[in-house]
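The sequence shown lines up with residues 3 to 1087 when you count with this note's numbering.
As structure tokens, the structure follows; a few thoughts come after it.
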Amino acid sequence: MEGENAAMAPLPEAFLHFLEANGLDPSLYTAIDSTPRYIRLKPGCEACIEEVEAEVKCNLEKVEWLSGFLSLPPHVQIAGSRAYREGKIYGIDAASGAAVMALEVSPGDHVLDLCAAPGAKLCMILDLLGDSGSVTGVDAARHRLAACRTMLQKYTLGDQCRLFVADGTSFSVIPTRSRSDCESCESGSEERVDVFKEWTSRRPWKERKRAGKSGSPQLVSSSQPPELIYYGHRSGVVGLTKGELFKTLSDDEIANKGYDKVLVDAECTHDGSVKHIQKFEHWGWRTLQRRVLDAERTDDLHALQLNLLTNGFRLLKVGGSLVYSTCSLTVAQNEDVVEQFLKENRAAVKRPHQNNDAISQAENSPAVENSPVEQVALTVSVSDDPSLPSFTFRTWILGTLACVLLSFLNQFFGFRREPLTVTAISAQIAVVPAGHLMAAAVTKHVFLKGTKWEFTLNPGKFNVKEHVLITIFASSGAASVYAIHFVSAVKMFYRKELTVFAALLVVITSQVLGFGWAGIFRRYLVEPATMWWPQNLVQVSLFRALHEKEERRKGGLTRNQFFLTAFLCSFAYYVFPGYLFPMLTSISWICWMFPTSVIAHQLGSGLHGLGVGAVGFDWSSICSYLGSPLASPWFATANVAAGFAIFIYVIVPIAYSANLYKARRFPIFSDELFMSSGQKYNISAIIDSNFHLDMEAYEREGPLYLSTMFAMSYGIGFACLSATLVHVSLFHGSEILRLSKSAFQENKIDIHTKIMRKNYKQVPEWWFLCILLFNIVATISVCEYFNNELQLPWWGVMLACVVAISFTLPVGVIRATTNQAPALNIITEYIIGYVYPGYPVASMLFKVYGNVSMKQAIFFLQDFKLGHYMKIPPKEMFLAQVLGTLISAVVHILTAWWLMNTVPNICERELLPAGSPWTCPGDHVFYDASVIWGLIGPRRIFGDLGHYWAINWFFLAGAIAPFLVWVAHKALPQKQWIRLITVPVLLGALADMPPATAVNYSSWVVVGFVSGFVVYRYHRGWWSRHNYVLSGALDAGLAFMGVLLYLCLGMEGISLNWWGSDPDRCPLASCPTAPAVESKGCPLY
3 MEGENAAMAP
13 LPEAFLHFLE
23 ANGLDPSLYT
33 AIDSTPRYIR
43 LKPGCEACIE
53 EVEAEVKCNL
63 EKVEWLSGFL
73 SLPPHVQIAG
83 SRAYREGKIY
93 GIDAASGAAV
103 MALEVSPGDH
113 VLDLCAAPGA
123 KLCMILDLLG
133 DSGSVTGVDA
143 ARHRLAACRT
153 MLQKYTLGDQ
163 CRLFVADGTS
173 FSVIPTRSRS
183 DCESCESGSE
193 ERVDVFKEWT
203 SRRPWKERKR
213 AGKSGSPQLV
223 SSSQPPELIY
233 YGHRSGVVGL
243 TKGELFKTLS
253 DDEIANKGYD
263 KVLVDAECTH
273 DGSVKHIQKF
283 EHWGWRTLQR
293 RVLDAERTDD
303 LHALQLNLLT
313 NGFRLLKVGG
323 SLVYSTCSLT
333 VAQNEDVVEQ
343 FLKENRAAVK
353 RPHQNNDAIS
363 QAENSPAVEN
373 SPVEQVALTV
383 SVSDDPSLPS
393 FTFRTWILGT
403 LACVLLSFLN
413 QFFGFRREPL
423 TVTAISAQIA
433 VVPAGHLMAA
443 AVTKHVFLKG
453 TKWEFTLNPG
463 KFNVKEHVLI
473 TIFASSGAAS
483 VYAIHFVSAV
493 KMFYRKELTV
503 FAALLVVITS
513 QVLGFGWAGI
523 FRRYLVEPAT
533 MWWPQNLVQV
543 SLFRALHEKE
553 ERRKGGLTRN
563 QFFLTAFLCS
573 FAYYVFPGYL
583 FPMLTSISWI
593 CWMFPTSVIA
603 HQLGSGLHGL
613 GVGAVGFDWS
623 SICSYLGSPL
633 ASPWFATANV
643 AAGFAIFIYV
653 IVPIAYSANL
663 YKARRFPIFS
673 DELFMSSGQK
683 YNISAIIDSN
693 FHLDMEAYER
703 EGPLYLSTMF
713 AMSYGIGFAC
723 LSATLVHVSL
733 FHGSEILRLS
743 KSAFQENKID
753 IHTKIMRKNY
763 KQVPEWWFLC
773 ILLFNIVATI
783 SVCEYFNNEL
793 QLPWWGVMLA
803 CVVAISFTLP
813 VGVIRATTNQ
823 APALNIITEY
833 IIGYVYPGYP
843 VASMLFKVYG
853 NVSMKQAIFF
863 LQDFKLGHYM
873 KIPPKEMFLA
883 QVLGTLISAV
893 VHILTAWWLM
903 NTVPNICERE
913 LLPAGSPWTC
923 PGDHVFYDAS
933 VIWGLIGPRR
943 IFGDLGHYWA
953 INWFFLAGAI
963 APFLVWVAHK
973 ALPQKQWIRL
983 ITVPVLLGAL
993 ADMPPATAVN
1003 YSSWVVVGFV
1013 SGFVVYRYHR
1023 GWWSRHNYVL
1033 SGALDAGLAF
1043 MGVLLYLCLG
1053 MEGISLNWWG
1063 SDPDRCPLAS
1073 CPTAPAVESK
1083 GCPLY
């Protein structure tokens, strides 16, 4: 065909008779020559799509009914593309992909492909297997099987594969599941003479010469023994002898040790392939007569197909699955063969595949098989049972109790010197036995039966949807209520009169305001498959482990068993870093080697220095600031690692060694405020009786100074803000614009969104807008009515809303794709400090409404996505979030108010007795920030009146950096790693430093590398089953032991005092190195 739209030449009369005899419509073959070609992406290579499109100069379309497949116009060639040469994509027709999809391959399966050539099906099967199981490929054509071998080697997929030149109708080699399969074989080392060693394609010259002289036929017959022409080192062949490999087994033995899955994509007339029929125009219609219409040949094909099917079934183990397919449309080669086979094999059971409709209606159906994000596809189920009750009596009772309990505990512990956070995972596990107990004990009586108000207290078995909603309630209680810091600062530090009613209104309005932003951006951050929220996969894995029953594989563990094992190990282990041996938090060995060197301590301290070589073995320390490293995708971990290395090993040392801003007079790492002399700044000395800045005292005391790391971290924070806006605009702007102009296109959404839209009614937009408008009005009313206490005018509320709505979407995109969220508190403090200086209370409240509402929106959106994955009715999800938020706000403020009025001198460190735990570290940081940004103001620190004005250049640097990455990506599209550079993540992860320390980051990066790169790349089967379950188990074990240690020992003040109790043992790390600066416990330079 010369043109893409050229019609096919008229079909010969003989072929038309053939079609009529088989009941086929000739119009199928008169379509224009526009049948697309198909390619498949190797897992993890999704980022190369744009590269291929740039090279071939056309758009690749996702094949919605085949995960990982892309279609392209028939005239486009991909063989010359870099992605094809590097083995990132391979060609495979859609029919073959559908056959493999119907096989339902799972990690660990042993799969047989009886007609394997030319190899694309083998590649797809191996992709689906991950790093466990094996594939055996069989084909009678030697030259075509050699092409399979080449393909496997090109795509580095042959480790678990073996290839046999053999007749598929008589092939009888079973998979080698373990060495016990060869128990009856010769065991004496002197008898094992023909042992298969590691495969090598480079055979000696004499051997190749003998093979050439032997003249092996290209097609083998059933009388010839199978010939092994390739095997991978994990295919089970290495170490076996020929006798062991080709051992003859009885049918009973094969039934127990045969293949889990068998694919018989049988030889046929190919009359169902338009591409094949088109080729006959070039080959000549006589070829069509010989290959398709010759009755003798077709009769032989029927016999061959039946024999292949029969032998494939013989090699299938009991309980296994077999898929038979052809690319013929004739009944004789499909239904008739299967019917004859079923008559002859009564043990076989025919069952329809669950995706048959999607496959057969592929051209018309928009259905998708799975998420395009591989981590989601490996973790989240695509099934749903809409009949399961979710908002039940159990949900109300257990959810409310979990929310109240976690709210009380976390607020109670939050005022203490070492605050303890009881996470939602603790409740997620604890409610499981309670739910099952209520299902067994509560009456199943139906009240008001026969009316529209009919209900029951016990709808039956405790199910996963109830469990999810209970956990949503618990998450609301586990989340910190940031506005409590504002209440405690106003009441205890600024000594302003504040009623409990006003405090409650501030807390509720700040918490609920985020619902409005969540509703506005739900379209962008919940439904798109690319917004996959990695942290949610931990929860999903845990829910599935606790509710889904699975058969334990021999020598392995189910996910539930694995969770319990890991949970018990984490629970038992945390007693060491949590109580007995706190030094495990940071092993700073350089300090031990040089105990009297300040420089060595600054370099080696993991808690007060640069952390060179420091390593931590405390899970609470590893995940305390960045979240679980097991939930972070590798590219995000790599960005965090790069940002951390540049900041901690380049920027900070250079600034400190250059004595920038008198850096050597202060500790290299500290969040304290200092005078120019190196002594700590006395903040109380510059505040007058009205809690405004006393200018005379301020001029007498002098300007504030910051430690090097503290000052540079502010600069990084500035850069992160501008980088976030520029990065999202450049890399996600077109998608956001498309979603803004129209609703989702049906062929662009994944299966989870389609299931949710099909089975449940969505939450109307006006629900969110009503909450937003009512809340804004309520917030302005509260601020105006209590203006003397709160100081924030109405326009300050509106400005805070503008800041929050401006950053919710870009920060949400970063969080949803990388599991990291840039901080917003700096920009809110910066803005209000400039536009409304001298009002520290207003500064705090502006930060609460501008920052907390955005964080709450991100929190709500993440929970919406969890409900999306778990198929929770959206309206019930919304109700659980609203109720949980309101309950949590009330319990938090009442608990805080009770403690502030009953604990003498709470938060006043100078007045508390020695050893008192009620030091309120978080509230002091919040108060100090209000002094810096609200009382003194950014102009006197980062403006023209301050020493740190040059740090504002970080804003510009942050805006330029993602632009340079974008330009490099466009200029070098073949370098896919460039697009993975995410500047907001690279910078934003450092926002918590300080108080986060070097060892928190270095240990996090190491664990993230092992999980996200090593295990994911080389042991993907294990990773897909256990990675997120392990994360949940470690969190849960830590939480339960942490609570137990506190209740049993912490409340009684029982502690150990030995050298292992010091978590760092680097006492000189906080010492200054400038000459003549005195500091307690430090040598004088």
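Ideal Cβ placement from N, Cα and C applies to all residues, glycine included.
Within 8 Å, do at least three Cβ pairs link the stretch 777–784 to the stretch 484–494? Per the Cβ contact rule, the stretch 484–494 is not in contact with the stretch 777–784 (fewer than 3 Cβ pairs under 8 Å).
At what residues does the beta strand (DSSP E) containing GLY321 begin and finish? For this step, residue 321 is matched to residue 319 along the sequence shown. For GLY321, the enclosing beta strand (DSSP E) has its first and last residue at 318–327.
Would you tell me roughly how many angstroms separate the C-alpha atoms of VAL302 and LEU308, rounded to the nearest one? Residue 302 sits at position 300 when you count from the first residue of the sequence shown. Residue 308 sits at position 306 when you count from the first residue of the sequence shown. A quick correction: the sequence has Asp, not Val, at residue 302. Whole-angstrom Cα-Cα distance: 10 Å.
Since GLY132 contacts GLY1014 with CB under 8 Å, what's their CB separation in whole angstroms? The count along the sequence shown starts at 1 and reaches residue 132 at position 130. The count along the sequence shown starts at 1 and reaches residue 1014 at position 1012. Their Cβ separation, rounded to whole angstroms, is 15 Å, which puts GLY132 and GLY1014 out of contact at 8 Å.
Which runs of the alpha helix (DSSP H) at least 4 residues long sit entirely within the stretch 632–681? Give them in chain order. Complete alpha helix (DSSP H) runs here, min 4: 636–648 and 654–659.
Which residues mark the beginning and the end of the alpha helix (DSSP H) in which LYS156 is found? By one-based count along the sequence shown, residue 156 stands at place 154. 144–156 is the extent of the alpha helix (DSSP H) around LYS156.
Please report the straight-line C-alpha distance between SER599 and VAL614, rounded to a whole angstrom. As a position in the sequence shown, residue 599 is number 597, starting the count at 1. As a position in the sequence shown, residue 614 is number 612, starting the count at 1. Computed Cα separation, rounded: 15 Å.
When the Cα atoms are used, what is the spatial distance from ILE953 to MET711? Reading the sequence shown from its first residue, position 951 is the one you call residue 953. Reading the sequence shown from its first residue, position 709 is the one you call residue 711. Rounded to whole angstroms, ILE953 to MET711 spans 13 Å at the Cα level.
Touching or not, the stretch 637–645 and the stretch 680–687, by the rule of three or more beta carbon pairs under 8 Å? The stretch 637–645 vs the stretch 680–687: no contact.
Secondary structure at THR458, three-state DSSP: helix, strand or coil? Your numbering for residue 458 matches position 456 in the sequence shown. In the structure shown, THR458 sits in a strand (DSSP, three-state: E or B).
So is PHE1101 buried or exposed if we call it buried at 16+ other beta carbons inside 10 Å? For residue 1101 there is no data in the structure shown, the boundaries of the chain being 3 and 1087.
For VAL987, which residues from the same chain have a beta carbon less than 7 Å from its beta carbon, with the 5 sequence-adjacent residues on both sides left out? Translated into the one-based positions of the sequence shown, residue 987 becomes position 985. Excluding sequence neighbours, VAL987 sits near ALA638, ASN641, VAL642, ILE816, THR820 and GLN822.
Should LEU310 and LEU165 be called a contact, given that it needs their Cβ atoms to be closer than 8 Å? Residue numbering aside, residue 310 sits at position 308 when the sequence shown is read from its first letter. Residue numbering aside, residue 165 sits at position 163 when the sequence shown is read from its first letter. No, the Cβ-Cβ distance between LEU310 and LEU165 is not below 8 Å.
According to DSSP, is VAL382 helix, strand or coil? Indexing the sequence shown from 1 puts residue 382 at position 380. Secondary structure of VAL382 (DSSP, three-state): coil.
Once you ignore the five residues that flank LEU265 on each side, which residues in its own chain have a CB closer than 6 Å to its CB? Working through the sequence shown from its first residue, we reach residue 265 at position 263. Hits under 6 Å: LEU105, ASP115 and VAL325.
Excluding sequence positions up to five away, which residues of its chain have a Cβ less than 8 Å from the Cβ of HIS949? Taking the sequence shown and counting its residues from 1, one reaches residue 949 at position 947. Around HIS949: TYR663, PRO705, TYR707 and ILE943.
Return the first residue and the last residue of the alpha helix (DSSP H) that HIS894 is part of. Within the sequence shown, residue 894 is the residue found at index 892, counting from 1. Under the DSSP assignment, HIS894 falls in the alpha helix (DSSP H) whose first and last residues are 876–904.
Checking 8 Å against the spacing of the C-beta atoms, do SER1033 and ALA476 come in under that value? Counting from 1 along the sequence shown, the entry for residue 1033 is found at position 1031. Counting from 1 along the sequence shown, the entry for residue 476 is found at position 474. No, these two residues do not count as a Cβ contact at 8 Å.
Does the structure place the stretch 957–973 close enough to the stretch 581–601 that three or more beta carbon pairs sit under 8 Å? Output reads no: the stretch 957–973 does not touch the stretch 581–601.
Where HIS145 falls, given that 16 or more other Cβ within 10 Å makes a residue buried: For this step, residue 145 is matched to residue 143 along the sequence shown. Exposed, since its Cβ has fewer than 16 Cβ neighbours within 10 Å.
Between which two residues does the alpha helix (DSSP H) harbouring CYS571 extend? Within the sequence shown, numbered from 1, the residue matching residue 571 stands at position 569. Residues 561–575.
Using the DSSP secondary-structure output, state which residues sit across from ILE41 in a beta bridge. Position 39 of the sequence shown, counted from the start, is the residue given in the question as residue 41. Paired residue(s): LEU72 and GLY93.
Can you find the residues in the same chain that come closer than 6 Å, C-beta to C-beta, to PRO388, ignoring five residues on each side of it along the sequence? Counted from its first residue, the sequence shown places residue 388 at position 386. The answer, listed in chain order, is ASN761.
Beta-carbon contacts of ASN347 that lie in its chain and below 8 Å, excluding the five residues immediately before and after: In the sequence shown, counting from the first residue as 1, residue 347 sits at position 345. Excluding residues within five positions, the ones whose Cβ falls inside 8 Å are THR312 and PHE315.
Three-pair Cβ contact test at 8 Å for the stretch 989–1006 versus the stretch 620–634: The stretch 989–1006 vs the stretch 620–634: in contact.
With a threshold of 7 Å on Cβ separation, who are the neighbours of SER180 within its own chain once the five nearest residues in sequence on each side are excluded? For the purposes of this step, residue 180 is taken as residue 178 along the sequence shown, with counting starting at 1. With a pLDDT of 48 at SER180, under the threshold of 50, the modelled position of this residue cannot be trusted, and the question is left open.
GLY835 at chain C interface by Cβ criterion, 8 Å: Absence of chain C from the displayed structure is noted, only one protein chain being present.
Between the C-alpha atoms of VAL58 and GLU48, what's the straight-line distance to the nearest angstrom? Residue numbering aside, residue 58 sits at position 56 when the sequence shown is read from its first letter. Residue numbering aside, residue 48 sits at position 46 when the sequence shown is read from its first letter. Approximately 17 Å, taken between the alpha carbons.
Are the beta-carbon atoms of VAL1031 and SER622 separated by less than 8 Å? The residue labelled residue 1031 in the question sits at position 1029 within the sequence shown. The residue labelled residue 622 in the question sits at position 620 within the sequence shown. No.
Quick one: what does DSSP say PHE166 is sitting in, helix, strand or coil? Along the sequence shown, read from residue 1 onward, the residue named residue 166 stands at position 164. Note: PHE166 maps to strand in three-state DSSP.
Would you give the residue range spanned by the beta strand (DSSP E) that ILE782 belongs to? Along the sequence shown, read from residue 1 onward, the residue named residue 782 stands at position 780. Not the beta strand (DSSP E): ILE782 falls in the alpha helix (DSSP H), residues 767–787.
Do the stretch 892–907 and the stretch 455–472 touch if we need at least three Cβ pairs shorter than 8 Å? Output reads no: the stretch 455–472 does not touch the stretch 892–907.
Based on the DSSP output, what are the partners of LYS263 in its beta bridges? Translated into positions along the sequence shown, residue 263 becomes position 261. Bridge partners of LYS263: VAL113 and SER323.
With burial defined as no fewer than 16 other Cβ atoms inside 10 Å of the residue's Cβ, what is the status of MET714: buried or exposed? As a first step, residue 714 must be located in the sequence shown, where it is residue number 712. Label assigned to MET714: buried.
Pairing CB atoms from the stretch 402–412 with CB atoms from the stretch 376–390, are three or more of them under 8 Å? Contact between the stretch 402–412 and the stretch 376–390 is absent: fewer than three C-beta pairs spanning the two stretches fall below 8 Å.
Between ARG941 and LEU675, what straight-line distance do the alpha-carbon atoms span, to the nearest angstrom? Taking the first residue of the sequence shown as position 1, residue 941 is located at position 939. Taking the first residue of the sequence shown as position 1, residue 675 is located at position 673. If I take the Cα positions, the gap works out to 16 Å.
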